[in-house]
Each structure stands twice: as structure tokens, then as C-alpha cells.
Amino acid sequence: SVLRDIQMAANARRRTFTLTRLSAKDGANGRIEGDGSLTLAEGDGPMPFAVRLGFDRFEPVNNEIMRGTVSGDLNLAGDSVEGAKLAGRLTVDRAEVDLPRGLPPDVVDIDVTYVDERGDEAETPQAREQAKPLPLTLDIGVTQPPRIRVRGHGLDSVWRGNLDITGTADEPRIIGGLQVERGTFDF
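So the sequence shown is numbered by our numbering: it starts at 1097 and just counts up by one.
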């Protein structure tokens, strides 16, 4: 989604940066609002942070295959040493999925040699990724009222469900289910 009418207000005092207001509109009628803070570490100590995002009929995706809106809140809090937790509740206000007529062709792997500005072989992105990222714990509930429409290949259906997303970003656990509310399938 393309954000527009982005507004932000922030201030800094000593080691703490505070985002007092963040708001934006998506390409349709949705909004996102938020606030947060970050405190810089003293020496090698942790840098605590907290960010809250509120969604009101926000359209995170809109393409030829999928479009939809969500409402709810997400909170990200933690520090630079122990990691963070992403928690909140979201409701899928509406969603439409158009099953594609065909799958895209396979992606071809291309061998790449990374070269720095002197022309010497440089560190690869894989080598840079060896640094262990901070752990991110998940606790997100997703409610889907019967406003999820899936169409294509003879299918025309409406779905509903509830999902709880827990675990970590590296190993998420998704518990719940989706049920067909109504629909037809033509052979």
C-alpha cells in the first residue's frame, strides 16, 4: 500500500527520543496511527524501545491477487539486548483473493561475486547475516469475520476464522482455523 498524508511529531530529551504522533492514510479510506519511544544506551547497556501502531480499515496489500483491510493494534516493545515482543489483536475487515490462472515461472539462480569499490572480492550478504538478530516473540490474535472472499478456477467462497500467532519470528506457531461460511465450486 502507498501511504499518503504522512504526519509525524517527535521530540528528544537527553537520551530519549519520543515519537509523539504518527499518522498516515493508505490509498483508500484506511488510516494508520502510532507513537513510541527509544532510549539510547549508556555504554554497552540495553536500548529500550516501544512502538504502538493502530490500524483503522488499513489496506496493507492491494494487487491483482489479493486486497483487503485490517483494523486493530500492534505493540512492539523490548530492548537491544534481550529482544522484543510483538503483540496485539487485528481484525480482517474484508479481504478478496483472486486465485491466479497460472503460477509464475521458476526463478533462476544466478551466481554473484561481490566486489568492493577497490575491485577486491567483498563480503557476501550471507556472511553479513551471520550476526545473530535479536529474538522477536509473537503474540498476535487475528479475527476474520465472514468477509474473506476467495474466487478463481470455479471457486467462489466466503471464509471466516480466528488465528493465534505465537512463538518467535524464526519459528512462528499458528493455531486456529479458517472455515468456509458459504460458497460454490463449478467443475
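For glycine and all other residues, C-beta sits at the position ideal for the given N, C-alpha and C.
I'd like to check one pair, G1126 with T1165: are the Cβ atoms closer than 8 Å? When the beta-carbon positions are compared, T1165 and G1126 come within less than 8 Å of each other.
Any contact between the region 1131–1139 and the region 1184–1198? By contact I mean 3 or more CB pairs, one from each, below 8 Å. The region 1131–1139 is not in contact with the region 1184–1198.
7 Å Cβ shell around D1252 - same chain, five flanking residues per side excluded: For D1252, where only same-chain residues beyond five positions count, the Cβ hits under 7 Å are G1279, T1280.
Residues bridged to V1177 (per DSSP): Residue pairing from DSSP leaves V1177 without any beta-bridge partner.
Helix, strand or coil for A1146 per DSSP? The three-state secondary structure of A1146, taken from DSSP, is strand.
Tell me the DSSP secondary structure of D1101 in three-state form. Judged by DSSP in its simplified three-state form, D1101 adopts strand.
Check A1137 in the structure and name its three-state DSSP category. Secondary structure at A1137: coil, using DSSP grouped into helix, strand and coil.
C-alpha gap between L1170 and I1206, whole angstroms: Cα to Cα, the separation comes out at about 38 Å.
Just curious, the beta strand (DSSP E) that D1260 is in, first and last residue? D1260: member of the beta strand (DSSP E) spanning 1251–1264, first to last residue.
Apply the 10 Å Cβ neighbour rule to Q1103 and answer buried if 16 or more other Cβ atoms are within range, or exposed otherwise. Exposed.
Beta-carbon proximity check, L1118 vs D1131, cutoff 8 Å: In contact: L1118 and D1131 (Cβ atoms closer than 8 Å).
Per-residue DSSP class, three states only, for V1208: Coil.
Between the CA atoms of A1265 and W1255 - distance to the nearest angstrom: Rounded to whole angstroms, W1255 to A1265 spans 26 Å at the Cα level.
Cut-off 6 Å between Cβ atoms - residues of its own chain near F1151, not counting five sequence neighbours on either side: So the list reads I1128, V1166, S1167, G1168, once near-sequence residues are dropped.
Grab me the residues of P1142's own chain with a C-beta within less than 8 Å of its C-beta, minus the 5 sequence neighbours each way, in chain order. Cβ neighbours of P1142 beyond the five flanking positions: D1175, S1176, V1177, E1178.
Pull the bridge partners of F1113 from the DSSP assignment, please. Bridge partners of F1113 according to DSSP: A1108, L1134.
Take K1181 as the anchor and find which of E1277, D1122, A1108, P1268 has the nearest alpha-carbon. Minimum Cα distance to K1181 is reached at P1268.
Can you tell me whether I1161 is buried or exposed? The criterion is at least 16 other CB atoms within 10 Å of its CB, across all chains shown. Taking every protein chain shown into account, the CB of I1161 has fewer than 16 other CB atoms within 10 angstroms, so this residue is exposed.
Neighbour-count burial assignment, I1270, 16 or more Cβ in a 10 Å radius: Counting Cβ neighbours within 10 Å, I1270 comes out exposed, since fewer than 16 surround it.
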